[in-house]
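In my numbering, the protein residues as written are 97 to 510. Don't be surprised by glycine CBs; every beta carbon is placed ideally from N, CA and C.
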């Protein structure tokens with residue numbers, strides 16, 4: 097076991113270059129955005145199994161079902177016009193397909209109308225920004241489809257979402273704010289038309305988590321579980337969505353921390369890794385794993401990393417379950433490493449573990465451009481994964497060095 101005096105040497109072993117290489121691999125073209133159930137996701141998983149095996153871990157892969165994953169199967173062609181002329185809309189920037197859209201590969205052309213105001217028959221209805229999709233559906237009899245406003249990132253890309261409401265009966269397109277404003281203005285004036293398709297199917301697929309046991313705990317001893325999701329939203333036809341910050345960086349941090357801790361933790365302190373699939377479709381991989389751990393009577397301390405792309409002052413931390421002591425250790429580690437921490441939402445797999453009764457924290461330092469072509473490896477600040485990895489290593493070191501263990505979060509296991 098390392099002593100406090102040896103911790104600086106331990107932290108000095110954190111390699112930004114190694115994590116940068118991991119991010120580059122996971123965000124590379126052959127992995128095609130790592131959507132759950134895809135060939136790219138399978139390629140990422142195989143590579144990750146090799147990395148964990150090289151650390152000497154006992155590795156297993158476990159499947160779970162995932163229903164209705166939305167997938168754009170061809171780039172939609174969308175054009176709109178008014179009395180001043182017409183123009184095609186650029187897929188991914190000006191227009192995209194809403195995850196609740198019906199599948200319609202045939203182009204529908206119709207005049208423009210305003211949802212909730214105009215006769216819907218034959219029209220593409222523009223949904224005002226303040227109106228929900230639910231309310232827009234109140235009167236859509238015979239409509240061609242719905243047009244919804246969606247924000248864009250700093251580079252003008254719309255973000256892709258896989259999880260969401262069940263599909264409705266109509267095609268639904270999302271428009272960037274400027275295009276939405278122009279189309280709504282035309283519709284309000286009783287002018288304009290749109291022609292478009294929504295080629296979006298929903299596939300039932302198989303997700304797969306990767307579990308690795310690196311060190312066995314003594315009965316009742318400290319057991320650490322490091323987690324990160326490796327899936328992304330996947331590429332679209334003609335559009336690369338690399339998923340560098342979200343969440344190749346989190347996986348890189350977990351692999352690097354596991355490499356260091358495997359050699360540094362004392363005998364009797366447990367260490368395992370879960371690289372999770374299906375986070376982008378509702379954190380289904382972590383839900384599957386948390387239920388397993390609960391059934392087994394396990395009591396790990398869970399540290400989940402989702403996003404280590406670029407620090408903006410402080411890393412966000414969200415706690416779940418009986419995590420008071422884990423939070424105290426994390427706070428101490430932050431002060432030791434000089435990394436500011438701030439309470440903030442980390443809407444990721446940590447919530448599934450916390451909801452199942454485990455002491456869990458989520459750590460995030462994401463960056464703009466997630467779920468879009470802008471989430472590329474070159475945008476990742478190498479210092480950020482390094483800072484998060486040192487935080488995780490120090491937290492684990494402090495947990496191992498503490499003589500008392502956390503009380504069981506599950507209750508009586510007799």
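Leaving out five residues on either side along the sequence, give the residues of the same chain with a beta carbon under 7 Å from the beta carbon of residue 140. 122, 127, 130, 326
Among all the DSSP beta bridges, which residues are the ones paired with residue 204? 292
Count the other CB atoms, across all protein chains shown, that sit within 10 Å of the CB of residue 420; report buried if there are 16 or more and exposed otherwise. exposed
Ordered along the chain, which non-local residues of its own chain (more than five positions away) have a Cβ less than 7 Å from that of residue 304? 141, 157, 158, 159, 373
Quick one: what's residue 400 bridged to in DSSP? 323, 458
CB contact flag (residue 239, residue 266, <8 Å): yes
Just list the beta strand (DSSP E) runs in the stretch 219 to 267, keeping only unbroken ones of 3 residues or longer that don't cross its boundaries, in chain order. 220 to 222, 241 to 245
Closer than 8 Å is the cut-off here; do at least three beta carbon pairs connect the stretch 190 to 207 with the stretch 276 to 290? yes
Cα-Cα separation, residue 451 to residue 386: 9 Å
Nearest residue (CA-CA) to residue 485, options 469, 377, 328, 403: 403
For residue 449 versus residue 416, is the C-beta distance shorter than 8 Å? yes
Which residues does DSSP pair with residue 313 in a beta bridge? 364
How would you write the range of the alpha helix (DSSP H) that residue 189 sits in, first residue to last? Neither: residue 189 is in no alpha helix (DSSP H) and is coded neither H nor E.
Would you decide whether residue 496 is buried or exposed? Buried here means 16 or more other CB atoms lie within 10 Å of its CB. buried
In whole angstroms, what is the alpha-carbon distance linking residue 494 and residue 278? 57 Å
How is the alpha helix (DSSP H) around residue 178 delimited, first residue to last? Segment 175 to 178 is the beta strand (DSSP E) holding residue 178; no alpha helix (DSSP H) there.
Cβ neighbour criterion (16 or more within 10 Å) applied to residue 354: buried
Coil, strand or helix - residue 435 by DSSP: coil
I need the DSSP call for residue 420, collapsed to helix, strand or coil. helix
What's the gap between the Cα of residue 253 and the Cα of residue 467? 9 Å
Cα separation between residue 70 and residue 382? Here the chain covers residues 97 to 510 and nothing more, so residue 70 does not appear.
Complete runs of the alpha helix (DSSP H) confined to the stretch 126 to 183 [at least 4 residues]: 135 to 150
Identify every residue that forms a DSSP beta bridge with residue 307. 156, 370
Taking the beta carbon of residue 330 as the centre, do at least 16 other beta carbons fall within 10 Å, making it buried, or is it exposed? buried
Using the Cβ count rule (16 or more neighbours within 10 Å means buried), how would you classify residue 230? exposed
Under 8 Å, do residue 155 and residue 380 count as touching if we go by C-beta distance? no
Start-to-end residues for the alpha helix (DSSP H) that takes in residue 495: 479 to 497
I'd like to check one pair, residue 482 with residue 227: are the Cβ atoms closer than 8 Å? no
Leaving aside the five residues before and after residue 500 along the sequence, list all residues of the same chain whose C-beta is less than 6 Å from its C-beta, in chain order. With a pLDDT of 38 at residue 500, under the threshold of 50, the modelled position of this residue cannot be trusted; read the value that follows with caution. None.
Report, in whole angstroms, the separation of the C-beta atoms of residue 223 and residue 243, which I expect to be a contact under 8 Å. 6 Å
In chain order, what residues of the same chain lie with their CB nearer than 8 Å to the CB of residue 175, ignoring the 5 residues before and after it? 182, 183, 184, 185, 290, 291, 292
Quick one: using the 10 Å Cβ neighbour count with 16 as the cut-off for buried, is residue 393 buried or exposed? exposed
Anticipated Cβ contact below 8 Å, residue 351 with residue 118, distance rounded: 6 Å
In DSSP terms, what residue 270 is bridged to: 192, 244
Could you give the distance in angstroms between the alpha-carbon of residue 151 and the alpha-carbon of residue 465? 32 Å
Report buried or exposed for residue 414, applying the criterion of at least 16 other Cβ atoms within 10 angstroms of its Cβ. buried
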